[in-house]
Amino acid sequence: EVDARRCISYLTIELKGSMPPEMRPLIGNRIYGCDDCQLVCPWNRFAHKSVEADFAVRQGLDDVALTELFAWDEATFKERLAGSAVYRIGHEQWLRNIAVALGNAPKNAEVLAALQARAQDVSPLVREHVAWALEQHNFANSEVNLSESQSRKYE
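Everything in the sequence shown is counted per my numbering, starting at 232 for the first residue and increasing by one.
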């Protein structure tokens with residue numbers, strides 16, 4: 232029997248509020264569902280790829296860095312995702328999901344800078360998940376000032 236509360240699609244799409252901390256590492260870099268169950272379903276070996284345009288990969292979202300998506304303000308989110316199923320989760324949940332994915336990403340200056348830029352977000356939900364992500368990279372909000380460390384890099 233499948234526990235739907237552990238489903239990545241449930242956690243990233245349907246769950247409102249905080250994602251359980253024990254589930255966050257299991258999300259990997261997924262920010263909106265996963266469909267792994269569709270890939271392994273034995274019945275789907277008979278399925279054919281849809282030719283419907285609504286199911287095609289959306290240009291501009293198929294090869295973009297998580298850090299770029301994390302920088303989107305609400306207006307950009309609404310503009311870029313209008314007409315997409317992703318739109319329904321809203322900007323705050325979008326940022327929550329990306330914070331988790333960045334917490335699971337390899338540690339680098341770009342990831343840390345993106346997280347630090349959202350560390351004081353107006354949303355408590357986003358701040359909570361950013362703090363968790365920074366902890367995954369061994370940084371707490373008060374321990375990192377990336378603008379200083381990056382400026383020293385170029386001296």
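Ideal placement from N, C-alpha and C gives every residue a C-beta, glycine not left out.
Sequence-distant partners of residue 300 (beyond 5 residues in either direction) whose C-beta falls short of 7 Å from its own C-beta, in its chain, are 329. Residue 332 counts as buried, since no fewer than 16 other beta carbons sit within 10 angstroms of its beta carbon. In the structure shown, the three-state DSSP call for residue 347 is helix. Residues of the same chain with a CB within less than 6 Å of the CB of residue 367, apart from the 5 flanking positions on each side, are 334 in chain order. In this structure, residue 357 keeps its C-beta atom at 7 Å or more from the C-beta atom of residue 346. Exclusion of the five residues before and after residue 252 leaves 363 as the residues of its chain whose Cβ lies within less than 7 Å of its Cβ. Distance from the CA of residue 344 to the CA of residue 242, rounded to the nearest whole angstrom, comes to 25 Å.
Setting aside the 5 residues that flank it on each side, residue 338 is surrounded in the same chain by 368, each with a C-beta closer than 7 Å to its C-beta; the list follows chain order.
DSSP places residue 238 outside both helix and strand once states are collapsed to three, so it counts as coil. Counting every other CB atom within 10 Å of its CB across the protein chains shown gives residue 317 a total of 16 or more, marking it as buried. Rounded to the nearest angstrom, the gap between the Cα atoms of residue 260 and residue 336 is 7 Å.
Burial state of residue 342 is buried, judged by a 10 Å Cβ sphere holding 16 or more other Cβ atoms.
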